[in-house]
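J.: First to last, the protein sequences are chains A and B.
For what it's worth, the working numbering labels the leading residue of the first sequence as 1103, then goes sequentially.
For what it's worth, the working numbering labels the leading residue of the second sequence as 1103, then goes sequentially.
Number of protein chains: 2
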Amino acid sequence: MAPPRGPLSQLRRGHEELVLGLLRKHGPLSRGELGKRCGLSRTTLYDILAELVASGAVVTASPQETPRGRGRPAETLTLNPDAGQAIGIDFARRGLHVAAVNLAHEIVGSASEPHDADLPWEQRVELAERLIGSLTGTGSGALRLGALDAIGVGVVGAQVEGLPAEGLSEERTKGREGEGPGPESGETPPHPVQVLLRERFGVPVLLDNNTRLAALGEAIWGAAAGGQDVLYLRLSHGVGGGLVVGGSLHRGAYGLSGEFGHITVEPGGARCDCGGTGCLETVASIRAVLDAYRATGGRAADVPELVKAVRAGEPSALDVLERVGGRIGEVLAAVCNAIGPSVIVVGGELVETGQALVEPIERTLHDHVMPVSRHRVSLRRATLGEVAGALGGIALVLHESPLLSRYPAGPDLAEDLTSP
Amino acid sequence: MAPPRGPLSQLRRGHEELVLGLLRKHGPLSRGELGKRCGLSRTTLYDILAELVASGAVVTASPQETPRGRGRPAETLTLNPDAGQAIGIDFARRGLHVAAVNLAHEIVGSASEPHDADLPWEQRVELAERLIGSLTGTGSGALRLGALDAIGVGVVGAQVEGLPAEGLSEERTKGREGEGPGPESGETPPHPVQVLLRERFGVPVLLDNNTRLAALGEAIWGAAAGGQDVLYLRLSHGVGGGLVVGGSLHRGAYGLSGEFGHITVEPGGARCDCGGTGCLETVASIRAVLDAYRATGGRAADVPELVKAVRAGEPSALDVLERVGGRIGEVLAAVCNAIGPSVIVVGGELVETGQALVEPIERTLHDHVMPVSRHRVSLRRATLGEVAGALGGIALVLHESPLLSRYPAGPDLAEDLTSP
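(1) Please report the distance separating the alpha-carbon of A/E1119 from that of A/Q1296.
(2) So A/I1430 is in the alpha helix (DSSP H); what residue range does that whole segment cover?
(3) Would you call the stretch 1348 to 1362 of chain A and the stretch 1475 to 1495 of chain B touching, i.e. three or more CB-CB distances under 8 angstroms?
(4) Here's the rule I'm using: 16 or more other beta-carbon atoms within 10 Å means buried, otherwise exposed. How should A/L1122 be labelled?
(5) Could you name the residues of the stretch 1474 to 1503 of chain B whose beta carbon sits closer than 7 angstroms to any beta carbon of chain A, in the order they occur along the chain?
(6) Compare the Cα-Cα distances from A/Y1334 to each of A/V1474, A/R1232, A/A1394, A/R1483 and report the closest residue.
(7) Of all Cβ atoms in chain B, is any one closer than 8 angstroms to the Cβ of A/L1337?
(8) Assuming B/L1351 and B/G1495 form a contact by the criterion Cβ under 8 angstroms, report the distance between their Cβ atoms to the nearest whole angstrom.
(9) Taking its Cβ as the centre, do 16 or more other Cβ atoms sit within 10 Å of B/T1384, making it buried, or is it exposed?
(10) Since B/V1437 meets chain A, which of its residues come closer than 7 angstroms, beta carbon to beta carbon?
(11) Suppose contacts are defined by Cβ-Cβ distances below 8 angstroms. Is B/G1348 in contact with B/Q1330 by that definition?
(12) If distances are taken between C-alpha atoms only, which option among A/V1447, A/G1400, A/V1405, A/V1433 comes closest to A/S1418?
(13) Using a Cβ-Cβ cutoff of 9 angstroms, what residues of the stretch 1350 to 1364 of chain B are near chain A? List them in chain order.
(14) At the 8 angstroms Cβ level, is B/E1368 part of the contact set with chain A, yes or no?
(15) Whole angstroms are fine: how far does the CA of B/L1124 sit from the CA of B/L1298?
(16) To the nearest angstrom, report how far apart B/L1136 and A/C1140 are at their CA atoms.
(17) Would you mind working out which of A/V1391, A/P1443, A/V1203, A/L1420 sits nearest A/A1317, comparing C-alpha positions?
(18) Run through chain B and tell me which residues come within less than 9 angstroms of A/T1180, C-beta to C-beta.
(19) Relative to the C-alpha of B/T1313, which residue among B/A1326, B/G1328, B/S1338 is closest?
(20) Which of the residues in the stretch 1311 to 1343 of chain B, read from start to end, lie with their CB under 7 angstroms from any CB of chain A?
(21) List the residues of chain B that A/P1462 touches, going by C-beta distances under 8 angstroms, in chain order.
(22) Is it the case that the Cβ atoms of A/I1463 and A/G1427 are separated by a distance below 8 angstroms?
(23) Decide yes or no for the touch test of the stretch 1437 to 1456 of chain A against the stretch 1403 to 1423 of chain A: beta carbon pairs closer than 8 angstroms, at least 3 of them.
(24) Assuming A/V1227 contacts A/S1212 under a Cβ cut-off of 8 angstroms, what Cβ separation, rounded to an integer in Å, is found between them?
(25) In whole angstroms, what separates the C-alpha of A/C1438 from that of B/E1177?
(26) Going along chain A in order, which residues have a C-beta closer than 8 angstroms to the C-beta of B/T1146?
(27) Determine whether the Cβ of B/E1432 lies closer than 8 angstroms to any Cβ atom of chain A.
(28) What's the call for B/E1432, buried or exposed, on a 16-neighbour Cβ count within 10 Å?
(29) Does the beta-carbon of A/P1306 have 16 or more other beta-carbons within 10 angstroms, so that it is buried, or is it exposed?
(30) How about A/V1160 and A/L1181: do their beta carbons lie closer than 8 angstroms?
(31) Taking DSSP's pairing of strands, which residues face A/S1359 in a bridge?
(32) Checking contacts by CB at 8 angstroms: is A/S1387 closer than that to chain B?
(33) Mapping DSSP to helix, strand and coil, what is A/G1340?
(34) Let's test the definition: count the other Cβ atoms within 10 Å of the Cβ of A/H1128 and tell me whether it reaches 16, buried, or not, exposed.
(35) Since A/H1217 contacts A/L1229 with CB under 8 angstroms, what's their CB separation in whole angstroms?
(36) Can you grab the Cα-Cα spacing for the pair A/G1371 / A/C1381, in whole Å?
Structure, rendered in structure tokens:
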């Protein structure tokens, strides 16, 4: 059965966050000290502590006799030092990326390994387990998730919908193609990777689109760190993106937000994989850009070769990127006028072409965004590289686990308690 | 000084909502009964009750001797029946709109009055007071705001930023033109209407852009009632809109969201008031549409005359609306791909032209939105008419007042308490 939702369970989650925040701030505290600081009734506090201890997030410390021998001191509670290893995995089309953070939410490591696009899910999960073992130093199979009790996973696909904040026990994906109209057409089976990972690790698996997760990663650890309203665009084999709105990942009503690659830029233009025509993706994907360059007589089999041509100052390569950058800038300006982000982050392999692409993007954005917004939005290149999606998976868990506070930690809860 | 923000004050607000929700559900309760049901410590509960009583949201009921004479029964607390009259005012460019709701959040009335565009603020506020008096039946000056203690106000202008949820005591507007770059360039003086209304009524005044408030109004009481992700477009003298994201009004990082009218649809096109060129507003505003119709030789001085021409089936009027509708549909499709709303609401005077405009909007939206989204988003005509902005002002107060629960009430807090 799903855990109860609604305001009361949100309130309970708020209480848990309060207690975890106090322990993070002050270190070990007795039940009495926690009671004084948190303002909760004894019954409520003890209930919450019992759950936090049962989950492994909090451990009790054996009391020692004080030197003055004033009798048996109270048992103290502390955050579990072995807990809170959070894992994110990005199952990209042709490679796997994993990342881990510790209890302090510091990145402890990341790893990537390319593979064939047709590698079966079973083998991808084995590969993931091996990479995670190499990160955590525990070796395969010895992974301890502790307090977190969930893995955040990114997968390819426009319609993967993230789990609701309190639905950790009911993994599901919604809104798959062919399911019929409306977002309310019922539950669909879990994604194969959710089933496999849960079998392997015995924990819930939070799932979302990996490009959306990259947006979240960049908004927390990357180019837009700390940004509350962030627009992320990825220029890769596909063109996609994600929105962070008010500090949270925005999914849209049916899990199809951030589809900037399918905004029409050339009405009646080339056919797109999505079924539409003239989408940004038909102009700004790696294949589209390479094709356009080769149509001018240029030679480049892949992005690194295109980058070489750009660095050599080949006019036709520069022309292509100028035109593509203009289209991208138009789309960014439209979305910017609609949403009003403070930061736009552009990532993906094509950004390796540098200013030849970024400069026309920025110029066109500037020309097409409302004049009054021009100096309020900042365009930046992504900084997390290929592990952005795996890091976003971790952020998803940190955001949505009922047992851990919002990341980044933000204003310390305990500070509010001590200020007048 | 501003009230404290951050998680703890959010927690406190959650506690207040819990108590108000219990009183709304169960009617009069004693302090002891409230304590049993809410799970808060005695100290926290008594603190919160003291504040709710002081604010007028809650009143104490004199205990009567019970028939069986078992001693003096406990004093009970109940929602103040005289409280909770919420008021919204839309100070539009050429007219004033007011609306009021009762404690049950039912609309008790609305009124509008046109005025000259250059009417001074003092006289607009006098007019507002008179209209409000006519609604509440109390007569001018006798208005009781009771528990609400705030007025929600819509004004014209792209850069009006709403107050944060807990900033009721520090009215301000941010991001006015010429203030320099960046959203953090300091506080600016309050809007004149805030000063005047506060002088007159002695309560805080929550302010936002009136088109954005119309979006909120339609999402709560209108065409998109209950929608969590709503895109609202208004086709009037200007072209603007608003976004409701996850049930809340989305303002963007610097209060400039929902500017759909300034998305470029004709690069190098007509000059727009915003300083850009080829914006949707240069094509789809009332003036632009009338001008385009007159350029074909048609005669229409205003929208009602255009509506007549459309109803008479004049081909040039239909052609103009076909073309304009196409541009609107393209913009809506782009924003839809970016944000993924479940409902798009189109309002404003131009929608009175009916299917001649709505049909090409819908068709172009369908053609340009990602095929997989086509049947997931519903296009609707606005239903609240000219008082949408005033109703949105009320919604703003109900959403953001620390003393009142989120509207619509949503899952009842008390139900969570009684379920296993």
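C-beta atoms are modelled at their ideal positions from N, C-alpha and C, and glycine is treated no differently.
T.: Reading off the structure:
(1) 27 angstroms
(2) 1417 to 1441
(3) yes
(4) buried
(5) V1474, S1475, H1477, R1478
(6) A/R1483
(7) no
(8) Contact flag wrong, Cβ pair sits at about 11 angstroms.
(9) buried
(10) A1440
(11) yes
(12) A/G1400
(13) S1350, H1352, R1353, G1354, A1355, Y1356, G1357, L1358, S1359, G1360, E1361, F1362, G1363, H1364
(14) no
(15) 36 angstroms
(16) 20 angstroms
(17) A/P1443
(18) Correct list: empty, because the minimum Cβ distance to chain B is about 21 angstroms.
(19) B/S1338
(20) Q1330, D1331
(21) Those do not exist, as A/P1462 stays about 14 angstroms from chain B at its closest Cβ, beyond 8 angstroms.
(22) yes
(23) yes
(24) Incorrect: roughly 18 angstroms between the Cβ atoms, too far for contact.
(25) 55 angstroms
(26) G1141, L1142, S1143
(27) yes
(28) buried
(29) buried
(30) yes
(31) Paired residue(s): none; A/S1359 is not in a bridge.
(32) no
(33) coil
(34) exposed
(35) 7 angstroms
(36) 8 angstroms
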